[in-house]
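Chains as they are written, first to last, in our numbering: chain A, 919 to 1324; chain B, 919 to 1324.
Written out as structure tokens, the structure is:
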């Protein structure tokens, strides 16, 4: 597999076109790109993973039903930032359909061949005429050059500070297949899913159900393991489109090619998830919380999540304070039956606690590690063989200041 | 019932003595009172409620076993701040026993008549010789005047900004019974239990099991419903001592007196819990989150806790932003099966959302309400008849700054 850590990933696979325009969704007249389209002339198979929040935005409810059908194919994804079209009632559903109709009319495709994602503030009706005007502009702009992909990447951002993309190429029996992905964060993030939107394009051919399996596995080990603020959004969505333009069909390839396709999607999701955490709102540190020796996967993830979401732990990371006591406290309230006397902790490779005994001689080394912009915390529970991992970050004063009003 | 919102509550009931001294637990030489004793000449029945964290401090493990015995009686509680004696292994257990022995020796009582509570930083051994010296000083100081109670109240504080106490008097067949309580917070607070320590004294006579029932009910509806930062501590403890000095025996009183005793303990726990939230670390607002129309109690509390612990919701409270979208989002990820179209929300009495429709004409009123230092948020789920309530507060930049290192 060849892997590229950024770039104009969405149009790297053959046959994909993108656009991104400013249609002033927020009424801020700031020129920010806020509406984008991904388009493929060839029909695409697709799969999606969506927020499991009880409250789901109109575009989530709409797109979820469409991709659930194993036979459907698609030509386009419409995405806008600045307004989530969530908690907007019947009007939100109507507005969503108006956008779908406008995309279908402009691109000369069927309405049920369009998927939609929105992100931004909850509970405010869309300025629908500005959005339909934006769809007309974007449809005219659609290009398969990198500038289209670049504009799309910008159009989906909200509080993100940078675009986040990556791509991979794998060898198949018929030559090369390319997979590209982009993601936006950056608040209300504890996917399962978080308003995180991620889009993946590929020129392999694949059935919807096969794509769904590959995508779900990848999401489970990437986006579903990150947390910025523990707040799961109403709009989280990951979509993959496969247009077959490479001429290569997943089902006709050898097991080993199928495996390397799954690995590439995995690598893309992991890379995007990591970028998402690193670009979390007002974040200064990226921290991997790894649990080992748990009874089972569920309890490993419970402990990892309690640590990753603890305000006290996150505050201490912000302050570069090697405060293992707060980590132990958070692990304890996961209530998986752990015993402090069995617990060992490491900062990166450096032992902090060995079977409940602090190794204070390493103290200056601890401080050095947690002062870095990136480090790992490893907890060995000594209860079994299961492992779990969550990617988290620190909580800064700036986060609170940033989110105290919208 | 007569109720007093503050005062030197612990020595209000007959026969209780208190002391509080500086023994320099933290080695800061700042003169802060950091060790206290509550003492009753008459033996006391007792009950306790303790943290359910998997990791429990030495004093919790010790005291929990002692009060579990339905027959035991006690003469003293020792409490220290500045060091939690948690995650300190065998040495922690030994140090705890040394303190117990010193109290017993000084007050001429049995070792198993002493309960212990500690609060402060986790994972550091106690400076035991300073603590035993403090116990000698405190034992000499013990007085039943208000100055003893006042000193004790101060000695248990950590990041609290003020002492927190209240008392109640109820009429019985034999005259008056008094109940007094104190509490300390102020971080790592989501009891179930949080390092929250609360002490209640009363001059009624009562069996341990009867006290346990009254205390557990009261804690369930007070301390177990508050959250400051969602972090449950290793040391949370609520203890009640009943010395019978009033001559009145709970079991011999009428049902109506028994009820008013339970109500008084309830009122004391509620008052202390509320004070604890209001004095949370760097808090500027007190917010009651009330859920109505839930399927059952568990799901009502789940929704209330998701809202109360959401960083985005807490940040918006800090900024006086009436951001109902974040409330809906947090309610949705409690995953109790709620439907947005059935949801109504009120800020105090003012409707915000009626069956999923925002009443934007009230917008200026919303802003006015959430700008106050105290308000309620009421969610009507329309799924059943169960209710739930959590008392919470905002998250400030100062909280993060305060907790970024110890």
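Built from N, CA and C at the ideal position, the CB exists for glycine as well.
* To do: Please state if the CB of residue 1243 of chain A and the CB of residue 1041 of chain B are separated by a distance shorter than 8 angstroms.
  => As a working note, residue 1041 of chain B is residue 123 in the second chain. As a working note, residue 1243 of chain A is residue 325 in the first chain. Contact check for residue 1041 of chain B against residue 1243 of chain A passes: the beta carbons are separated by less than 8 angstroms.
* Classify residue 1184 of chain A as buried or exposed, calling it buried when 16 or more other Cβ atoms lie within 10 Å of its own Cβ. => Locating residue 1184 of chain A in the first chain gives position 266, where the first residue counts as 1. By the neighbour-count rule (16 or more Cβ atoms within 10 Å), residue 1184 of chain A is buried.
* Does the beta carbon of residue 1005 of chain A come closer than 8 angstroms to any beta carbon on chain B? -> Locating residue 1005 of chain A in the first chain gives position 87, where the first residue counts as 1. Using a Cβ-Cβ cut-off of 8 angstroms, residue 1005 of chain A counts as an interface residue toward chain B, since at least one Cβ of chain B sits closer than that to its own.
* What number of angstroms, rounded off, separates the C-alpha of residue 1287 of chain A from the C-alpha of residue 1153 of chain B? -> Your numbering for residue 1287 of chain A matches position 369 in the first chain. Your numbering for residue 1153 of chain B matches position 235 in the second chain. Rounded to whole angstroms, residue 1287 of chain A to residue 1153 of chain B spans 29 angstroms at the Cα level.
* Count the other CB atoms, across all protein chains shown, that sit within 10 Å of the CB of residue 1024 of chain A; report buried if there are 16 or more and exposed otherwise. => Position 106 of the first chain, counting from 1, holds the residue named residue 1024 of chain A. Sixteen is the threshold: when 16 or more other Cβ atoms of the shown chains lie within 10 Å of the Cβ of residue 1024 of chain A, as they do, the residue is buried.
* Cβ separation of residue 960 of chain B and residue 1000 of chain B, assumed to be a contact under 8 angstroms, to the nearest whole Å -> Numbered from its first residue, the second chain carries residue 960 of chain B at position 42. Numbered from its first residue, the second chain carries residue 1000 of chain B at position 82. That pair is no contact at about 31 angstroms.
* To do: Classify residue 1288 of chain B as helix, strand or coil using the three-state DSSP reduction.
  => Numbered from 1 along the second chain, position 370 holds the residue referred to as residue 1288 of chain B. Here residue 1288 of chain B sits in helix by DSSP.
* Asked: Closer than 8 angstroms, CB to CB, is residue 1242 of chain A near chain B or not?
  -> As a first step, residue 1242 of chain A is located in the first chain; it is residue number 324 there, counting from the start. With 8 angstroms as the cut-off, residue 1242 of chain A counts as an interface residue toward chain B.
* To do: Thinking residue 1097 of chain B and residue 1085 of chain B are a contact (beta carbons under 8 angstroms), I'd like their distance in whole angstroms, please.
  => Here residue 1097 of chain B refers to the residue found at position 179 of the second chain. Here residue 1085 of chain B refers to the residue found at position 167 of the second chain. Between residue 1085 of chain B and residue 1097 of chain B the Cβ distance is about 6 angstroms, and since that is below 8 angstroms, they are a contact.
* Where residue 972 of chain B meets chain A, residues with beta-carbon distance less than 9 angstroms -> In the second chain, counting from the first residue as 1, residue 972 of chain B sits at position 54. Correct list: 1249, 1250, 1251, 1252, 1253, 1254, 1255, 1256, 1257, 1258.
* Asked: Taking Cβ positions, are residue 1261 of chain B and residue 1271 of chain B nearer each other than 8 angstroms?
  -> The count along the second chain starts at 1 and reaches residue 1261 of chain B at position 343. The count along the second chain starts at 1 and reaches residue 1271 of chain B at position 353. It is a contact, given that the beta carbons lie within the stated cut-off.
* Using a Cβ cut-off of 9 angstroms, which residues of the stretch 1310-1323 of chain A contact any Cβ in chain B, in chain order? -> 1312, 1313, 1314, 1315, 1316, 1317, 1318, 1319, 1320, 1321, 1322, 1323
* Spatial distance of residue 1110 of chain B from residue 1137 of chain B (CA atoms) -> Here the question's residue 1110 of chain B lines up with position 192 in the second chain. Here the question's residue 1137 of chain B lines up with position 219 in the second chain. Its pLDDT being 39, under 50, residue 1110 of chain B is placed unreliably by the model, and the measurement read from it follows with that caveat. If I take the Cα positions, the gap works out to 9 angstroms.
* Please report the Cβ distance between residue 1309 of chain B and residue 1191 of chain B, rounded to the nearest whole angstrom; I am assuming they are in contact, meaning their Cβ atoms lie under 8 angstroms. => Here the question's residue 1309 of chain B lines up with position 391 in the second chain. Here the question's residue 1191 of chain B lines up with position 273 in the second chain. With 8 angstroms as the limit, residue 1309 of chain B and residue 1191 of chain B qualify as a contact, their Cβ atoms being about 7 angstroms apart.
* Asked: Which of helix, strand or coil does DSSP assign to residue 1251 of chain A?
  -> Counting from 1 along the first chain, the entry for residue 1251 of chain A is found at position 333. Coil, per DSSP.
* **Contact set for residue 1172 of chain A: own chain, Cβ-Cβ below 8 angstroms, skip 5 residues either direction** => Taking the first chain and counting its residues from 1, the one referred to as residue 1172 of chain A is at position 254. Closer than 8 angstroms at the Cβ level, and outside the excluded window around residue 1172 of chain A, lie 1091.
* **Inter-residue Cα distance where the pair is residue 1102 of chain A and residue 953 of chain A** => Sequence index remark: in the first chain, residue 1102 of chain A carries index 184 (1-based). Sequence index remark: in the first chain, residue 953 of chain A carries index 35 (1-based). Spanning the two alpha carbons is a distance of roughly 13 angstroms.
* Asked: Thinking C-beta only, is residue 1195 of chain A closer than 8 angstroms to residue 1233 of chain B?
  -> Counting from one through the second chain, the residue named residue 1233 of chain B turns up at place 315. Counting from one through the first chain, the residue named residue 1195 of chain A turns up at place 277. No, these two residues do not count as a Cβ contact at 8 angstroms.
* **Coil, strand or helix - residue 938 of chain B by DSSP** => Here residue 938 of chain B corresponds to residue number 20 of the second chain, with the count starting at 1. Three-state result, residue 938 of chain B: strand.
* Identify which residue in A/1291, A/1314, A/1259, A/1294 has its Cα closest to the Cα of residue 1007 of chain B. => By one-based count along the second chain, residue 1007 of chain B stands at place 89. It is A/1259.
* To do: State the DSSP-derived secondary structure class of residue 1280 of chain B, mapped to helix, strand or coil.
  => One-based indexing of the second chain puts residue 1280 of chain B at position 362. Of the three classes helix, strand and coil, the one that applies to residue 1280 of chain B here is helix, per DSSP.
* Is residue 1152 of chain B close to chain A, meaning its C-beta is less than 8 angstroms from at least one C-beta of that chain? -> The residue you call residue 1152 of chain B lines up with position 234 of the second chain. Judged by the 8 angstroms Cβ criterion, residue 1152 of chain B is in contact with chain A.
* Residues of the stretch 1206-1235 of chain A whose Cβ lies closer than 7 angstroms to any Cβ of chain B, in chain order -> 1228, 1229, 1230, 1233, 1234
* Asked: In the stretch 1030-1063 of chain B, which residues sit with their C-beta less than 7 angstroms from some C-beta in chain A, listed in chain order?
  -> 1039, 1040, 1041
* Could you tell me whether the Cβ of residue 1111 of chain A comes closer than 8 angstroms to any Cβ of chain B? => Taking the first residue of the first chain as position 1, residue 1111 of chain A is located at position 193. With a pLDDT of only 35 at residue 1111 of chain A, under the threshold of 50, the placement of this residue in the model should not be trusted; the figure read from the coordinates follows. No, its Cβ sits nowhere closer than 8 angstroms to a Cβ of chain B.
* Beta-ladder partner(s) of residue 1082 of chain A, from DSSP -> On the first chain, position 164 is the one that residue 1082 of chain A refers to. In DSSP, residue 1082 of chain A forms a bridge with A/1101.
* Could you tell me the distance, in whole angstroms, from the CA atom of residue 936 of chain A to the CA atom of residue 1026 of chain A? => Along the first chain, one-based indexing puts residue 936 of chain A at 18. Along the first chain, one-based indexing puts residue 1026 of chain A at 108. Using only the alpha carbons, I get a separation of about 16 angstroms.
* Taking all protein chains shown into account, decide if residue 987 of chain A is buried (16 or more other Cβ within 10 angstroms of its Cβ) or exposed. => Here residue 987 of chain A refers to the residue found at position 69 of the first chain. So residue 987 of chain A counts as exposed.
* Asked: Cβ of residue 1086 of chain B versus every heavy atom of the ligand NAP: is any distance shorter than 7 angstroms?
  -> No copy of the ligand NAP occurs in the structure displayed, which carries no ligand at all.
* Consult DSSP for residue 1035 of chain A and reduce its assignment to one of helix, strand or coil. => For the purposes of this step, residue 1035 of chain A is taken as the residue at position 117 of the first chain. Of the three classes helix, strand and coil, the one that applies to residue 1035 of chain A here is strand, per DSSP.
* Contacting residues, own chain, Cβ-Cβ under 7 angstroms from residue 1313 of chain A (five flanking each side not counted) -> For this step, residue 1313 of chain A is matched to residue 395 along the first chain. The residues are 1229, 1232, 1233, 1236.
* Asked: Should residue 1269 of chain B be flagged as near chain A, meaning a C-beta pair shorter than 8 angstroms?
  -> As a position in the second chain, residue 1269 of chain B is number 351, starting the count at 1. Interface residue (Cβ-Cβ distance to chain A less than 8 angstroms): residue 1269 of chain B is not classified as such.
* Asked: Who are the near neighbours of residue 1034 of chain A in its chain, counting only those whose CB is closer than 7 angstroms to its CB and skipping five residues on each side?
  -> Translated into the one-based positions of the first chain, residue 1034 of chain A becomes position 116. Cβ neighbours of residue 1034 of chain A beyond the five flanking positions: 977, 980, 981, 996, 1014, 1017, 1018.
* Asked: Which of helix, strand or coil does DSSP assign to residue 1225 of chain B?
  -> Mapped onto the second chain, residue 1225 of chain B falls at position 307. Here residue 1225 of chain B sits in helix by DSSP.
* From residue 1306 of chain A to residue 1209 of chain A, what does the alpha carbon distance come to, in whole angstroms? -> By 1-based counting over the first chain, the position of residue 1306 of chain A is 388. By 1-based counting over the first chain, the position of residue 1209 of chain A is 291. Rounded to the nearest angstrom, the two C-alpha atoms are 5 angstroms apart.
* Asked: Do you know whose CA, among A/1281, A/938, A/1226, A/1068, lies nearest residue 1058 of chain A's CA?
  -> The residue labelled residue 1058 of chain A in the question sits at position 140 within the first chain. The option with the nearest alpha carbon to residue 1058 of chain A is A/938.
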